[in-house]
Structure formats: structure tokens, C-alpha cells
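Sequence positions in the sequence shown follow this note's numbering and run 1355 to 1492.
Just so you know, even glycine gets a beta-carbon here, dropped at the ideal spot from N, CA and C.
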Amino acid sequence: MTIKREELIAKALESRHNAYAPYSHFFVGAAVQTEEGEVVGGFNIENASFGATNCAERTAIFSALNQGARRIVALAVAGDPEHFTYPCGICRQVMAEFAGQDMPVFIVKSALDYREETLAALLPGAFTPKDLEEYKDV
């Protein structure tokens, strides 16, 4: 499958403008490409009860799942335009649930300034659904 890098990056940058971050003022956008080739955006959504806050990456993944996807093949995240904003640990774990370890992750400052990582590089030794397979019949 062809990764839609430019479209993913553009959608992540666009989604950042929709972020709801009245407390931190740290606006983050993300986009995922599904196995079917669809590109779905998401943004961070803060809450006065900080534990209820949702990151942009998870919003994008959950939005794609809501649209019927079950696997993602690429992700882009755009945060502070002055610094590279990497996914938090929870988002990395959620990515591992729905993507392969070779999935490209684009860390974006601007359309022309980004880094390409893999999920394996961001979450080495990931705990995945495969780790639970031996317990299915227990």
C-alpha cells in the first residue's frame, strides 16, 4: 500500500487548528491512514478534569475505528511548530493495538519539516495482542 505522507501531514496540521486546549494552550493535530487508504484526522481535547483529556493521536485512531477501520498503516502528529512533538506512551500503546511495528510515524513541525520514525522505534518491545494469544483458551 502506498503511504499518503503529504496528505497525512496536511491533515495533521489542519487538525491542530481544531484542537481544544484551553488549559495548556498546547495544540496538537494528528492523522491516520487506514488499511483501506482513508485519511482521518484528530486533535487533542482537554478537560477541566485533566485525566479525561484525550490526545490527538488517540482521537484520530478512535475516529477511524468509528468509521469502520480496524488497522492503521501510518500516522502523522503535529504539535508545537518550533519543536518536534512525539506521541506519549499511552498513544504509542494504542498505536500498537491497531498497527504493525513497521508502521511509519511522521513527527511534524511543518509540511516541509518532519521526521519519519517507525512504531518499533517509538515503542520497542511493545506489548501487543499477540502477547495474549496463548491465554485465549485459559
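Item                                                                                                                                     : Value
Hey, out of Ser1369, Glu1392, Phe1404 and Lys1490, whose CA is closest to Tyr1377's CA?                                                  : Phe1404
Once you ignore the five residues that flank Ala1450 on each side, which residues in its own chain have a CB closer than 8 Å to its CB?  : Leu1473, Leu1477, Ala1480, Phe1481 and Thr1482
Taking the beta carbon of Arg1424 as the centre, do at least 16 other beta carbons fall within 10 Å, making it buried, or is it exposed? : exposed
Under 8 Å: do the region 1392–1404 and the region 1451–1469 share three or more Cβ pairs, one atom per stretch?                          : no
Going by C-alpha distance, which of Val1386, Ala1375 and Glu1471 is nearest Asp1434?                                                     : Ala1375
By how many angstroms is the C-alpha of Ala1406 removed from the C-alpha of Leu1367?                                                     : 23 Å
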